[in-house]
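One structure is given below, encoded as structure tokens.
Chains as they are written, first to last, in the numbering used here: chain A, 153 to 492; chain B, 153 to 492.
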């Protein structure tokens, strides 16, 4: 698997130069990141800078085609190091382009949001969205290296801290309860961030192609992706995953895997999110969105469930199980009544 | 690496069924293959059949988008076994789609042309063409299994045998001289086909991501792809590779790696091809087409060269070297004078 470096002041020629030696360097950023870090890094590395649109709606095949066309016009060959500098949208998108351009260019990811550091950039998943759902087109393409520079979080808006926290809590719920307790104390703690990254690496290293244990990272995402998709991505990924994790914890309790006390503890951790369903929420359309999720099998919904805080139910190595609409309903009724 | 099965009468539920167990089966074919083998195989396996356009011009992003859209509308999830049944266009195209749909579906390749059996289907390369050149978008995505059913070659047109022969001779020139001599005796021999497949597997297994020795399989392809691209793919891949291999053997001689006698022997082997440059050949446009090739480095042309029949020059593990336009010119002058 890729090498991950967590630290400060990593965006320099001293640190990154040795990884790019003798390669042409192309750095891809969105506008905001270009102004904050991109221009300076391009100067440091003597690289070219390409700017893409920002936000979840930029993660489309149109943007992919624009980048591919730019690469062809620049005459890029395999002697090019691509650097994706930015949030999860940028790392997912550039990762996908890197994986399909000439069957794969060397790639460095430099996540600049907490969400990208603890989730999107780790584990080799690349993706774009389609009209049928989120992340439905993509590849598994581990980069050469990942640099999480905690200094870049200094400019992170408060809302973005919550997006990252949602993934930290999620990995805490399925893999390492300590993360949840640490996050409760200080959610900007750099040790918390390092530990969350390591927890994800620990899971992904066992199962890069998501045949078994890696499924646990989808906790909260069946509900979460459904909500995000039906809101046309107006709902932030973190809010969607926070709501999804909470509802799937509720489901774990309802199906008899998790104690009520554990669920109530989890519910407290999510109070800082001020969760709310998207304004266009409609149960029928929500089902449709969930049914296009990758995790479904033969048209059925599958869920990762937890049997204690920090542990997912193994289900004989599948790490997920089919849940009928009937079994799911009480948790949806609860979600609609509390957050509708 | 993938498992490869070479034999006869493999397109049955008995042989293929165990590989598809509990998965939904979707078989992708072009029209000709549908009528010859597709409909029957779909019945055998209880699978759905999707038909794509045939020929190199179908290997485009438009076809990819049509397939992806069809998959979404069919509601395909990861519990789907895709089967690509057909020539190299079908296996390259379906391989690419399989690699990017939901980050990878299980895939079986059933090449039905000699060219696809000995080359396209072996080694995990997937690709589509772009207006900038051939195979410039693609992934490395080894299938679950490959079945080369020699019975399907019974319906193969004579011209297609030559396309396959070009790749067999190529791998012979860089890896196993026996293949060239065997092909000279009987180019439809099933042992020859098995040995050619094995020779390619031997190379690819050492270097799946094409960092070193796998480059030798590009022998003949720098020239070949350039010709093919500038002819707008009117030139068959086999003819292009045959011409490319011959010219690159000439270049190997001109640069002092190969003896004249070896070159003259090689030239004899290619007489059965009735080689001819494409009617729109123009050296300037040919250069432009070559310069968009993936194998170039920093705008320079790189070539695999041979120092004897059956052996590529290692060049310290790089297995290719830069050749200046000046060094290349005598071989182009020769090509233009003999085949123009």
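Quick reminder that beta carbons are idealized off the backbone N, C-alpha and C, glycines included.
Take residue 210(A), set aside five residues on each side of it, and the residues of its chain with a beta-carbon closer than 8 Å to its own are 182, 204, 241, 245, in chain order.
When beta bridges are read from the DSSP output, residue 299(B) appears opposite 157(B). For the pair residue 421(A) and residue 412(A), the CB atoms are not nearer than the 7 Å cut-off. By the Cβ neighbour-count rule, residue 492(A) is exposed, with fewer than 16 other Cβ atoms within 10 Å of its own.
Going by DSSP, residue 287(A) is part of the beta strand (DSSP E) stretching over 285-289.
Taking a Cβ-Cβ threshold of 7 Å, the residues of chain A close to residue 251(B) are 291, in chain order. At a C-beta separation below 9 Å, residue 254(A) has these neighbours in chain B: 287, 288, 289, 290, 446. Of all residues in the stretch 210-221 of chain A, the ones placed with a Cβ closer than 8 Å to any Cβ belonging to chain B are 213, 217, 220, in chain order. Going by DSSP, residue 460(A) is part of the beta strand (DSSP E) stretching over 458-460.
Secondary structure at residue 214(B): helix, using DSSP grouped into helix, strand and coil. Sequence-distant partners of residue 318(B) (beyond 5 residues in either direction) whose C-beta falls short of 6 Å from its own C-beta, in its chain, are 390, 393, 394. Membership of residue 437(A) in the alpha helix (DSSP H) is indicated by the continuous run 435-443. Scanning chain B for C-beta atoms nearer than 9 Å to the C-beta of residue 224(A) yields 282, 283, 284, 285, 288, 444, reported in chain order. When DSSP states are grouped into helix, strand and coil, residue 380(B) belongs to the helix group. Residue 300(B) is positioned such that its CB atom lies no closer than 7 Å to that of residue 258(B). The residues 460, 461, in chain order, have a CB closer than 7 Å to that of residue 414(A) in the same chain once the five nearest residues on each side in sequence are set aside. Per the coordinates, the alpha-carbon of residue 208(A) lies some 7 Å from the alpha-carbon of residue 385(A). Using a 10 angstroms sphere on the CB of residue 173(A), the tally of other CB atoms stays under 16, which defines it as exposed.
Residues of the same chain with a CB within less than 7 Å of the CB of residue 232(B), apart from the 5 flanking positions on each side, are 175, 176, 178, 257 in chain order.
Secondary structure of residue 262(B) (DSSP, three-state): strand.
Setting aside the 5 residues that flank it on each side, residue 288(B) is surrounded in the same chain by 282, each with a C-beta closer than 6 Å to its C-beta; the list follows chain order. Taking a 10 Å sphere around the C-beta of residue 226(B), we find fewer than 16 other C-beta atoms and assign the residue as exposed. According to the DSSP assignment, residue 282(A) belongs to the beta strand (DSSP E) that extends over 280-282.
Counting along the chain, residue 475(A) sits inside the beta strand (DSSP E) bounded by residues 473-475.
If you compare the alpha carbons of 347(A), 198(A), 342(A), 325(A) with that of residue 396(A), the shortest gap goes to 325(A).
Within 10 angstroms of the beta-carbon of residue 243(B) lie 16 or more other beta-carbons, which makes it buried.
For a cut-off of 8 Å, the C-beta gap from residue 251(B) to residue 215(B) is around 15 Å, too long to register as a contact. Around the beta carbon of residue 311(A), a 10 Å sphere encloses fewer than 16 other beta carbons of the protein chains shown; the residue is thus reported as exposed. Within chain B, no C-beta atom comes less than 7 Å from the C-beta of residue 419(A); the nearest is roughly 31 Å away. In the three-state scheme derived from DSSP, where H, G and I count as helix and E and B as strand, residue 307(A) is classed as helix. By DSSP's assignment, residue 464(B) forms a beta bridge with 458(B). In the three-state DSSP reduction, residue 254(A) falls in the coil class, being neither helix nor strand. Distances from the alpha-carbon of residue 200(A) to those of 188(A), 228(A), 218(A) put 228(A) closest. In the structure shown, residue 411(A) falls within a coil segment according to DSSP collapsed to helix, strand and coil. Judged by pairs of C-beta atoms under 8 Å, the stretch 326-341 of chain A touches the stretch 458-477 of chain A, as three or more such pairs exist.
Listed along chain A, the residues sitting closer than 8 Å to residue 277(B) by beta-carbon distance are 255.
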